[in-house]
Amino acid sequence: GIQVEQSPPDLILQEGANSTLRCNFSDSVNNLQWFHQNPWGQLINLFYIPSGTKQNGRLSATTVATERYSLLYISSSQTTDSGVYFCAAAQETSGSRLTFGEGTQLTVNP
Amino acid sequence: KAGVTQTPRYLIKTRGQQVTLSCSPISGHRSVSWYQQTPGQGLQFLFEYFSETQRNKGNFPGRFSGRQFSNSRSEMNVSTLELGDSALYLCASSRAPQSYNEQFFGPGTRLTVL
């Protein structure tokens, strides 16, 4: 099956800084999603982005499907951005089965 | 529109018992998937249901089972609980089982096995 790798595993920032999280996947995908896991464990949808670029406020994401990677950009980070960010992918043959990366633990200090 | 709901939110059981978790998908969504999250193994796929049929299954023992009802609600059951079954169990829903459908997750059920 597909492999999904995220980097960096941990990221510590000062409030106001910008950051880039990376997700590499081993094969072609037709679903690529970014999630933020809140302190209670729920996965919050950030982006559905199998290809192209999207922006939502201070967050944006880009997926370059031909090169098998996706990037999540967080600008002007806030303490509330802290948490774990997951990337998950699915191939055409995998149905609803998402394969998750290990996540990036982001800590934003005041 | 209401999101994915899961009940109960927290559960404490002892080894050898069984447990049933419930998931109600977003209205109009007919595909439900289950995932287990543990610190050591990360997020792992358990199974997927659509039209009351299991369409896909992850690499878990037969103690883990599930079903889906005609209203798309789903339950998963774990029998003969082991300490290692302690985890956050997450349910996801999507409109249909094709991989290109965006998935939405519920708040999870945190299971502790003593």
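If you're matching them up, the sequences are chains E and H in order.
When we follow this note's numbering, the leftmost residue of the first sequence carries the number 4, and every step to the right adds one.
When we follow this note's numbering, the leftmost residue of the second sequence carries the number 29, and every step to the right adds one.
From the three backbone atoms N, C-alpha and C, an ideal C-beta is built for every residue, glycine too.
Under the three-state reduction of DSSP, which class applies to H/Ser-61: helix, strand or coil? Position 33 of the second sequence, counting from 1, holds the residue named residue 61 of chain H. H/Ser-61 falls in the strand class under three-state DSSP.
Can the beta-carbon of H/Cys-119 be found closer than 9 Å to that of H/Leu-49? Walking along the second sequence from the start, residue 119 of chain H turns up at place 91. Walking along the second sequence from the start, residue 49 of chain H turns up at place 21. Yes, these two residues count as a Cβ contact at 9 Å.
Rounding to the nearest angstrom, what Cα-Cα distance links E/Ser-85 and E/Ala-91 in this structure? Taking the first residue of the first sequence as position 1, residue 85 of chain E is located at position 82. Taking the first residue of the first sequence as position 1, residue 91 of chain E is located at position 88. Their backbone Cα atoms lie some 19 Å apart in a straight line.
For my contact list, H/Ser-59 and H/Ser-107 are in at a C-beta cut-off of 8 Å; report their separation, rounded to the angstrom. Against the second sequence, residue 59 of chain H aligns to sequence position 31. Against the second sequence, residue 107 of chain H aligns to sequence position 79. About 25 Å; that fails the 8 Å criterion.
Just to confirm, are E/Ser-80 and E/Asn-21 a CB contact at a threshold of 9 Å? Numbered from 1 along the first sequence, position 77 holds the residue referred to as residue 80 of chain E. Numbered from 1 along the first sequence, position 18 holds the residue referred to as residue 21 of chain E. Contact: yes.
So, with DSSP's three-state summary, where would you put E/Ala-20? Here residue 20 of chain E is taken as the residue at index 17 of the first sequence, counted from 1. Note: E/Ala-20 maps to coil in three-state DSSP.
What did DSSP end up calling E/Glu-70 once you bin it into helix, strand or coil? Here the question's residue 70 of chain E lines up with position 67 in the first sequence. Helix.
How many angstroms separate the CA atom of E/Ile-15 from the CA atom of E/Thr-110? Here residue 15 of chain E is taken as the residue at index 12 of the first sequence, counted from 1. Here residue 110 of chain E is taken as the residue at index 107 of the first sequence, counted from 1. In a straight line, the C-alpha of E/Ile-15 is about 5 Å away from that of E/Thr-110.
Does the Cβ-Cβ distance between E/Tyr-88 and E/Leu-49 come in under 9 Å? For the purposes of this step, residue 88 of chain E is taken as the residue at position 85 of the first sequence. For the purposes of this step, residue 49 of chain E is taken as the residue at position 46 of the first sequence. Cβ atoms of E/Tyr-88 and E/Leu-49: closer than 9 Å.
What does a CB cutoff of less than 8 Å around H/Glu-80 pick up in its chain, not counting 5 residues either side in sequence? Here the question's residue 80 of chain H lines up with position 52 in the second sequence. Closer than 8 Å at the Cβ level, and outside the excluded window around H/Glu-80, lie Arg-95, Gln-96, Phe-97, Ser-98.
Could you work out which residue in E/Thr-107, E/Gly-55, E/Leu-101, E/Glu-95 is closest to E/Ile-77 when comparing CA atoms only? As a working mapping, residue 77 of chain E is identified with position 74 in the first sequence. Nearest of E/Thr-107, E/Gly-55, E/Leu-101, E/Glu-95 to E/Ile-77, Cα basis: E/Thr-107.
State yes or no: is the beta carbon of E/Glu-95 nearer than 9 Å to at least one beta carbon in chain H? Position 92 of the first sequence, counting from 1, holds the residue named residue 95 of chain E. For E/Glu-95, the answer is yes, since a Cβ of chain H falls inside 9 Å of its Cβ.
Compare the beta carbon distance of H/Ser-127 and H/Cys-51 with 9 Å and say whether it is the shorter of the two. The residue labelled residue 127 of chain H in the question sits at position 99 within the second sequence. The residue labelled residue 51 of chain H in the question sits at position 23 within the second sequence. No, the pair does not count as a contact, with Cβ atoms beyond the cut-off.
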